[in-house]
Amino acid sequence: MEASYLFADSDLSSSVCDPPQPAADRCPADVVALRRLSEHLGALRLSPELEFCSDARFTVGSAGGEPPREVRVHRCVLASRSPFFRERFAQGATELELGDLVEGFEVGFEALSAVLDYVYTGRVGPLPRGVCECVDEDCDDVACWPAVDFMLQVLFASATFQISELVSLFQRHLLDILEKVATDDMLVILHVANLCGKACSKLLLKCIEIVVKSDIDNVTLEKTLTPDIVKQIMKSRLDAGLHGPESIGFPDKNVKSIYRALDSDDVELVKLLLDEGHTSLDDAYALHYAAAHCDSKITAKLLDLERADVNRKNLRGYTVLHIAAVRKEPSIIVSLLTKGARASDLTSDGKKAIQISKRRTRYIDYEKPNQQGKASCNDKLCIEVLEQRREEMSLPLAMMSGDLHQRLSYLEARVTLAKILFPKEAKVAMDNAHVDGTLEYTSNLSTSNQRMAVDSDRTPFEMKDEYISRMRALCRTGIKGLYVCMYVVKLRWKP
Numbered sequence: 001m002e003a004s005y006l007f008a009d010s011d012l013s014s015s016v017c018d019p020p021q022p023a024a025d026r027c028p029a030d031v032v033a034l035r036r037l038s039e040h041l042g043a044l045r046l047s048p049e050l051e052f053c054s055d056a057r058f059t060v061g062s063a064g065g066e067p068p069r070e071v072r073v074h075r076c077v078l079a080s081r082s083p084f085f086r087e088r089f090a091q092g093a094t095e096l097e098l099g100d101l102v103e104g105f106e107v108g109f110e111a112l113s114a115v116l117d118y119v120y121t122g123r124v125g126p127l128p129r130g131v132c133e134c135v136d137e138d139c140d141d142v143a144c145w146p147a148v149d150f151m152l153q154v155l156f157a158s159a160t161f162q163i164s165e166l167v168s169l170f171q172r173h174l175l176d177i178l179e180k181v182a183t184d185d186m187l188v189i190l191h192v193a194n195l196c197g198k199a200c201s202k203l204l205l206k207c208i209e210i211v212v213k214s215d216i217d218n219v220t221l222e223k224t225l226t227p228d229i230v231k232q233i234m235k236s237r238l239d240a241g242l243h244g245p246e247s248i249g250f251p252d253k254n255v256k257s258i259y260r261a262l263d264s265d266d267v268e269l270v271k272l273l274l275d276e277g278h279t280s281l282d283d284a285y286a287l288h289y290a291a292a293h294c295d296s297k298i299t300a301k302l303l304d305l306e307r308a309d310v311n312r313k314n315l316r317g318y319t320v321l322h323i324a325a326v327r328k329e330p331s332i333i334v335s336l337l338t339k340g341a342r343a344s345d346l347t348s349d350g351k352k353a354i355q356i357s358k359r360r361t362r363y364i365d366y367e368k369p370n371q372q373g374k375a376s377c378n379d380k381l382c383i384e385v386l387e388q389r390r391e392e393m394s395l396p397l398a399m400m401s402g403d404l405h406q407r408l409s410y411l412e413a414r415v416t417l418a419k420i421l422f423p424k425e426a427k428v429a430m431d432n433a434h435v436d437g438t439l440e441y442t443s444n445l446s447t448s449n450q451r452m453a454v455d456s457d458r459t460p461f462e463m464k465d466e467y468i469s470r471m472r473a474l475c476r477t478g479i480k481g482l483y484v485c486m487y488v489v490k491l492r493w494k495p
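For the sequence shown, position 426 matches number 426 in full-length UniProt numbering, and the numbering has no gaps at all.
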C-alpha cells in the first residue's frame with residue numbers, strides 16, 4: 001500500500017497523461033516505475049557525480065583512532081520518510097553527529113548506510129559481507145556476535161529515527177535467531193530492546209523469558225541491565241521457582257565487599273578484606289569479576305597477588321580467560337596466559353577462549369592490515385595472542401659479555417621499532433613483559449659510549465647478569481606479549 005502511494009505521488013506525468021487502465025494491466029508498469037524510482041533515489045545518495053545535490057551530512061565516529069567519516073544526505077528525502085528527521089531539519093539542522101542522535105548504543109557507519117539505503121530506496125539489502133561474518137570458519141554467521149551486533153545497530157537506529165517498517169523487520173530477524181544467540185549476547189539484545197521502547201516489546205519479552213531461565217547470575221544482571229528489568233527478571237525467577245547461584249548464598253556480604261573495593265579500583269582494600277579470612281579470591285570469583293567489569297590494570301594487580309587460581313571456573317563454567325575473551329581485552333588475556341592460564345580449557349558448552357574470540361570478531365576487522373603507528377583492533381589482538389605459541393625462549397648462559405651486549409642492542413632496537421610501527425601491540429607486550437625498567441635502545445652515540453664506559457669498570461659476571469636479565473625481559477615481549485617485533489618479519493610493514 002505504501003509503495004503504491006509513493007508511486008502515485010512521484011510519477012505525476014504517468015498519472016496525468018495516461019488514460020485509466022484496468023488494474024491487471026497497470027501492475028507491471030507500476031512495478032517497473034517503482035523499481036526505477038528506487039534505483040534513481042539510490043543513485044542520488046551514492047553517486048559521486050550527484051553529491052552537489054546534498055544539503056546535509058552525518059558525521060560518524062570510527063573506532064581504532066580512524067578519522068570520522070562523513071555521509072552526505074538530502075533533507076527533503078529524509079524528512080519525507082522520517083518524523084524524527086522532519087523535526088530536526090525543521091529546526092534548521094544540517095550537520096548531524098550520529099553519536100549524539102543515537103545515545104545508549106553505538107551505531108556504526110555500515111548500519112547507518114543500511115538504514116539510509118532503506119530510506120532512499122525502500123529496499124533492504126543483504127547483510128554486508130565481512131561486517132556480519134565472524135572469523136570462526138565453523139560458524140554459519142547466523143547468530144554470532146558480528147551478525148547480532150549489526151542487526152541491533154540497525155534496529156536501534158531505525159527505532160530512534162522512527163522508521164517503523166525497518167524496526168519490525170529487524171525485530172523479526174532477531175526473534176528468529178534468538179534461541180541460537182550466546183547467553184551473554186542476550187543481555188545486550190535485551191538492553192537494546194528496552195531502549196527501543198514499545199516498538200520492540202515482543203523482542204523485550206522474549207529476551208526476558210530466555211534470561212529468566214538462563215544461568216546468568218544477579219551480579220551480572222545488575223551490572224548490565226537497568227534496575228527495573230533486573231527486578232522483573234528476579235521476580236519471574238522467584239515465581240517460577242528458578243534460582244541461580246544466589247540460592248546457595250552467593251554472593252554474601254563479604255564477597256560484595258570485595259566487589260565494591262574492585263569497583264573503586266582499591267586493591268589494597270581487597271588485600272585487607274582477604275586478610276580478615278572471611279573469603280578468598282577464588283571463593284569470591286574475584287578474578288572473574290575483575291576481568292568482566294574492571295580496568296585491565298586492576299586484573300593485573302589481582303594476578304600479582306598470586307592468591308588465586310587462574311584456571312578456576314565460575315558457577316557458569318567459565319574460566320577468567322573465557323571472560324576476558326568475551327570482553328575482548330588483549331592485555332587481560334596476555335596477563336592470564338603469562339600467569340599460566342590454559343587456553344585449552346572449555347566452557348560448559350564446549351568452547352575454547354580462541355573460539356569465543358573468533359566468534360566475537362568481525363571478519364572485515366580481522367583481515368584489515370595493520371597500519372604504521374596506528375592502534376590495531378582489540379578483537380584481532382585477542383585472537384593473535386591466543387593463537388601464538390607460548391613457549392619460553394631459552395637463552396644460552398655460556399655467552400660472552402660482548403655477544404650479550406650485541407644481542408641486547410639488537411633486541412632493544414627491535415622493540416623500539418615495534419613501538420613506532422605497532423604502538424598498541426607493543427604496549428600490551430611490554431606491560432606484560434615488565435620491560436619498563438630496562439634501558440631502551442638509542443642511536444645516540446654519546447649515550448652508547450657512556451654505557452660502554454660504565455661497563456668497562458664492572459666485572460664480566462656483573463655485566464652478564466644485567467644483560468641476561470634485560471634480554472629475558474625484552475624477549476618476553478615476543479614470547480609472552482605477542483611477538484610484537486616479529487610483525488616486521490612477517491612483512492606487515494612494507495617500506
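For glycine and all other residues, C-beta sits at the position ideal for the given N, C-alpha and C.
Could you check whether residue j and residue i sit closer than 9 Å to each other, using their CB atoms as the reference points?
i           : j      : result
VAL167      : CYS196 : yes
ASN194      : THR226 : yes
residue 562 : ILE332 : This structure gives no information on residue 562, because the portion of the chain shown stretches from 1 to 495.
LEU315      : ASP217 : yes
residue 497 : VAL124 : Since the first residue shown for the chain is 1 and the last is 495, residue 497 is missing from the structure and cannot be characterised.
ALA56       : ARG81  : no
GLU367      : GLY130 : yes
GLU182      : VAL115 : A small fix is needed here, since residue 182 is Ala in this sequence, not Glu. Against a cut-off of 9 Å, the Cβ pair of VAL115 and ALA182 comes out as no contact.
residue 496 : PHE58  : Within the shown structure, residues of the chain are numbered from 1 to 495, placing residue 496 beyond reach of any answer.
THR279      : ASP252 : yes
LEU238      : CYS200 : no
LEU262      : ALA290 : yes
THR319      : ASP295 : no
LEU127      : ALA147 : yes
VAL119      : ILE163 : yes
ALA292      : ILE323 : yes
GLY317      : ASP265 : no
VAL255      : ASP282 : no
ARG359      : CYS76  : no
Can you give the beta carbon distance from residue i to residue j, rounded, assuming they're within the 8 Å contact cut?
i      : j      : result
LYS202 : LEU169 : Going by Cβ atoms, the distance from LYS202 to LEU169 rounds to 13 Å, so no, they are not a contact pair.
CYS382 : SER357 : 4 Å
ALA353 : LEU386 : 6 Å
ALA286 : ASN311 : Rounded, the Cβ-Cβ distance is 15 Å, inconsistent with contact.
LEU190 : VAL211 : 6 Å
SER54  : HIS74  : 6 Å
VAL142 : LYS180 : 6 Å
LEU112 : LEU98  : 6 Å
LEU50  : ALA43  : 7 Å
Using only CA atoms, which one of the options lies nearest to residue i?
i      : options                           : result
VAL326 : LYS339, GLY340 and THR347         : THR347
ARG45  : VAL181, GLY122, GLU66 and ASP252  : GLY122
ASP184 : LYS198, LYS223 and ARG172         : LYS223
GLN232 : LEU204, GLN162 and ASN254         : LEU204
SER214 : ALA199, MET234, GLU87 and LYS198  : MET234
ARG69  : GLU268, PHE85, VAL60 and ARG75    : VAL60
CYS144 : CYS377, THR361 and GLU367         : THR361
GLY104 : ALA341, GLU110, LEU152 and ASP140 : LEU152
GLU110 : ARG342, ASN254 and ILE364         : ILE364
GLN371 : PRO330, GLU137 and GLU66          : GLU66
PHE84  : PHE161, LEU98 and GLU179          : PHE161
GLU384 : SER113, VAL255 and GLU329         : GLU329
SER335 : LEU242, ILE298, LEU187 and GLY42  : ILE298
HIS288 : GLU268, ASP275, LYS313 and GLY277 : LYS313
VAL102 : VAL267, VAL192, SER47 and PRO369  : VAL192
VAL188 : ASP30, CYS207 and ASP379          : CYS207
Going by the DSSP bridge assignment, what does residue i pair with across the sheet?
i      : result
LEU96  : PHE58
VAL385 : According to DSSP, VAL385 bridges with nothing at all.
VAL73  : ALA56
ARG362 : CYS134
Quick one: which unbroken alpha helix (DSSP H) runs of 4-plus residues sit fully inside the segment 169 to 214? Chain order, please. 183 to 196 and 201 to 213
Where are the alpha helix (DSSP H) runs, 4 residues long or more, that stay fully inside the segment 258 to 292, in chain order? 267 to 275 and 281 to 284
Complete runs of the alpha helix (DSSP H) confined to the segment 285 to 362 [at least 4 residues]: 286 to 293, 296 to 305, 320 to 327, 330 to 338 and 353 to 359
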